[in-house]
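Reading through the structure tokens given below for one structure.
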Amino acid sequence: MIKSDANTDRWIVDPKTGRPIPPMEQPGYYPGFSTMGQKSYWDAKTREVVEERVHHAPPIRFFSSEEVATMSAVADRLIPQDDRADGRKIPIINGIDERLFKEELEGYVYEDMPIDSKAYQIGLKAIEAMAQELYSTTFATLDPIRQDLILKSIHDSKPIAAKEIWSQMSPHRFWALLLGDCATEYYSHPWAWDEIGFGGPAYPRPYMRLEGGQPEPWEKPERRYEWLAPFTSISDREEEMGGGEHPRQGGTH
Amino acid sequence: MSKPILGKFRKPQTDKKILGPMQRISPEMRRFSDDEAVDYCIIGVGSAGGVLSQRLAKSGFKVVGLEAGPFWDTERDWVSDEKGSHELYWNDLRLTGGNNPLSLGDNNSGKGVGGGSVHWAAFAPRLHPSDFRIHTEDGVGVDWPISYDELKPYYALLEREIPVAGPAYFPWGDPHGYPYGPHPMGGVGDILVKGCTKLGIRSCAGGPVAILSGSHGNRPHCIYRGFCLQGCKVGAKASTLITHVPEALEYGAEIRAHSMAFRISMDKNNRTDGVFYYDSLGREHFQRAKAVIVSGYAIETPRLLLNSACPGHGNGLANSSGTVGKYLMAQAGNVVGGRFESLVRMYKAPPAHALTEEFYETDPKRDFARGFAVQTVGPLPIAFAKQMMAAKGVWGWGMRRVMMDYNHWAALGVLGEILPWADNCVELAEQKDQWGIPVAKVTFNLHDNDNKLIEFAKNKVEELLRAAGAQDVAQEKRFAHLVGGARMGNDPGSSVVDKFGRTHDVSNLFVCDGSILPTQGSANPGLTIQSLAARTADYLISQGDKVFTSEQRDMTRPPVRRELSPKGTFIHGIPRLSFAE
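As they're listed, the protein sequences go chains G and E.
Residue numbering for the first sequence follows this note's numbering, beginning at 54 and increasing consecutively.
Residue numbering for the second sequence follows this note's numbering, beginning at 110 and increasing consecutively.
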């Protein structure tokens, strides 16, 4: 039964019934899969680093309280977690705050961009200014679809407001920085590995079934379910940018 | 929760440094005083610096390697985790720009003993013979001052030393075999072979890759965990940290970690007499040396030479030609993902395990010179999320959806030759780093031939993936590797170093790393860099003390000193199924 006070318009939807799907302990197509269940088989250093990530989100030291409000709302739209039960949501902004607080860089800054910490301050100020200019309220208090509209315009490199602030900084590069950082936080978390069926750390215990997409004895087979993004969101509309040149790339070859 | 029979794996109890689970070295090493003039001060202990220090020390020279980053302990420092491996990369400030700005950091820049060889995917193909003369053959770029044949014995040597696993018969370029057998295939390799087969072209599975397919001395074989780019805790993937540095220490070299060189010192006779550097506490030091070898790779090498400008070398050290920092190259590295109905699970097996070089050479039927390889890549979740951001523009619920399909995707990479252009360069910026040293500004622009090559290559990989059964393909435009910036050549007016790596301007100053490559071909540069280092070492050993005292430039080719290979790797047993020699 769906409780009447639940925020059901933010839930994902079953396409067959049109009904909202309540938040889950573990979304994704690998029910019962747990990378953390394998931690005894990891080396001590890896276990220490991953357990720290799960149990101790770093404190907020870089973002101001206003920036925390904006940034949290932004992260909730960039990597929405409304299909995750309370207590099973993955912290996003703490890890970003830590990197900015420690002034850690990724090894380069675009010549037309400020340093990462400054870029965040300008970008969050711009997003807040967009909310004020368009809706005369803070970004965090907007409904999801209006938040998505603002963010989508940055994604498209055509910000629909606060054009003066955006003239100081490339929205395209800021988007890549912001979303790249959010994705790094989410997909570095073991609960996200469980969700997508990634095996996680694999030393000393290795992988042994390399071909044909076969699961290890401790992995789970895929069990798909159909879902639609909440009707209050526009971030799952098929729209290929195609051949995108992504400004923040790790190594591959 | 299940556990290993003897309980969970614990922290190692040893005072020694651990280089892979089986190799231990004493952390105590020889320590030269700053005032003692060592024979060679090597700046940067990466792919080239590791090989150079091993060979020079083994030949009796006094060697100090200055390394900006740490001396790793693979068991205590490294993790089986993407985000947790951030410290392996050169993360300090650099500026990047131009029309096609390069991503740096984890894309191509290592820091710490082993350098980039710590986080390379370890594909180890040779250059083709044609790569050494593209100006003669195709009228583009520039010829090398050496031929393939001059480097060939060093390729064979390094393939044994690191060693390389691959087929007994590799059919492209100068056909040859590999000492260790090919690896079993992962899902992405299967797809590459399937696609190539459908298109009627040859492919190669299980290598060539510098990852052990069988145990080797005190290094275990690969366990197929897929974290090659995060540093191989297993010790199966070659890095000079585990292949050459231990023997360098055994023969008395000193590797001085956390030592950031900031200026090469010159005496009044136009010879270098040592290197200024900062230690981990920011204290300034000066290491005296009879000769200096710069092995800082394609950005830090030009940066250091430019930052070492002094009277008589006003445009930067060894820069009378004005080419220091110029002709920087990166390879086209477009990653094309294909979504398959069945599961792939591309995180298993080394990212590097199958390729085709069928499109490597210039084809007169195409409208561009030179070519490309197609190789497996196996992005882990964070890397894949970023690729999908670029390739499909996903965010929000779209990101969550495509990532839930992570196990259905396979990714192949283009590795394409971008030609050397003077406007692709490393310069000094006004900004300074944490030590107060002016940082590098990197400018990168694609030219007509590069754009045509990339377009063709990307379409070919998409065709290949579709032939293998992909229903959806998406590509991200990107670049891989760095070389150039201090190129070698016979003409002192258009190059920085001669064919042995000696700077044209200063007779006891050498450059030996990826920056000396005049062109890059479509082969991953790691093996070529290490082979060039072994060759330069042979030259220096042949020259003996003359390097330290004479202005003479002997251009005689040195003998190949196979006896200098690290023990247990001497050149035997390389399969040879071709009788072309």
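We treat Cβ as the ideally placed atom computed from N, Cα and C, and that holds for glycine.
On the premise that residue j lies in contact with residue i, defined as a C-beta separation below 8 Å, what is that separation, rounded to the nearest angstrom?
i, j, result
"Q584(E)", "N443(E)", "5 Å"
"E248(G)", "M513(E)", "7 Å"
"E264(G)", "M455(E)", "Not a contact, Cβ separation roughly 11 Å."
"N208(E)", "L591(E)", "At roughly 17 Å, the Cβ-Cβ gap does not stay under 8 Å, so N208(E) and L591(E) are not in contact."
"A461(E)", "F609(E)", "No, A461(E) and F609(E) are not in contact; Cβ-Cβ is about 30 Å, not under 8 Å."
"I213(G)", "L187(G)", "7 Å"
"R328(E)", "G309(E)", "Between G309(E) and R328(E) the Cβ distance is about 39 Å, and since that is not below 8 Å, they are no contact."
"I113(G)", "C235(G)", "Contact flag wrong, Cβ pair sits at about 15 Å."
"T432(E)", "A463(E)", "With a Cβ gap of about 37 Å, T432(E) and A463(E) do not count as contacting."
"G176(G)", "L231(G)", "6 Å"
"Y198(E)", "G148(G)", "Not a contact, Cβ separation roughly 17 Å."
From the DSSP output, read off the bridge partner residues of residue i.
i, result
"L618(E)", "V401(E)"
"K346(E)", "I320(E)"
"L524(E)", "A482(E)"
"C150(E)", "V173(E) and V401(E)"
"Q396(E)", "V384(E)"
"V535(E)", "V551(E)"
"Y163(G)", "T205(E)"
"A427(E)", "A427(E) pairs with nothing; no bridge assigned."
"L281(G)", "V66(G)"
"H422(E)", "C419(E)"
"K541(E)", "P547(E)"
"E363(E)", "V173(E)"
When the Cα of residue i is compared with those of the options, which residue comes out closest?
i, options, result
"A215(G)", "I203(G), P197(G), H242(G) and A128(G)", "I203(G)"
"L267(E)", "I638(E), D654(E), G653(E) and V483(E)", "I638(E)"
"R587(E)", "Q396(E), M497(E), K435(E) and H237(E)", "M497(E)"
"L673(E)", "S162(E), V503(E) and D143(E)", "S162(E)"
"E191(E)", "D559(E), G487(E) and G158(E)", "G487(E)"
"M138(E)", "I300(E), V251(E) and E359(E)", "E359(E)"
"C534(E)", "N378(E), F619(E) and G594(E)", "G594(E)"
"P121(E)", "E184(E), E145(E), S226(E) and G525(E)", "E184(E)"
"D148(E)", "K676(E), P675(E), D663(E) and T658(E)", "T658(E)"
"P634(E)", "F180(E), D240(E) and N378(E)", "D240(E)"
"G480(E)", "V249(E), D663(E) and A418(E)", "V249(E)"
"T70(G)", "E279(G), I287(G) and R290(G)", "E279(G)"
"G505(E)", "M261(G), Q134(G), L195(G) and K273(G)", "Q134(G)"
"P257(G)", "A520(E), K117(E) and G578(E)", "K117(E)"
"T465(E)", "L521(E), R475(E), A500(E) and G434(E)", "L521(E)"
"S374(E)", "R365(E), W199(E), G391(E) and V401(E)", "V401(E)"
"L413(E)", "G598(E), V403(E), T678(E) and K567(E)", "V403(E)"
"I198(G)", "P76(G), V107(G), S286(G) and F86(G)", "S286(G)"
"D124(E)", "V160(E), D182(E), E176(E) and L165(E)", "D182(E)"
"I351(E)", "G335(E), I320(E), K303(E) and R380(E)", "I320(E)"
Is there at least one Cβ from chain B nearer than 8 Å to residue i's Cβ?
i, result
"W219(G)", "No chain B appears in the structure shown, which is made up of the protein chains G and E."
So what's residue i in DSSP terms, helix, strand or just coil?
i, result
"M222(G)", "coil"
"R72(G)", "coil"
"M438(E)", "strand"
"R412(E)", "helix"
"K92(G)", "helix"
"E272(G)", "coil"
"V103(G)", "helix"
"V121(G)", "helix"
"S362(G)", "With chain G represented from 54 up to 306, any question about residue 362(G) goes unanswered, as that position is not in the structure."
"A255(G)", "coil"
"S111(E)", "coil"
"I351(E)", "helix"
"A157(E)", "helix"
"H325(E)", "strand"
"C331(E)", "coil"
"W518(E)", "strand"
"A110(G)", "coil"
"M375(E)", "strand"
"R199(G)", "helix"
"R290(G)", "coil"
Practice task
Quick one: which unbroken beta strand (DSSP E) runs of 3-plus residues sit fully inside the region 441–503 of chain E? Chain order, please.
Solution key: 444–448, 463–465 and 481–486
Practice task
Taking only runs that begin and end inside the region 223–307 of chain E, name each unbroken alpha helix (DSSP H) of 4 or more residues, in chain order.
Solution key: 243–247 and 257–270
Practice task
Would you list, in sequence order, the uninterrupted alpha helix (DSSP H) runs of no fewer than 4 residues that lie entirely inside the region 545–629 of chain E?
Solution key: 557–576
Handout entry: Ranges of the alpha helix (DSSP H) found wholly within the region 161–219 of chain E, counting only runs of at least 4
Key = Annotation: the region 161–219 of chain E contains the following complete segments of the alpha helix (DSSP H) (minimum length 4 residues), in chain order: 183–186.
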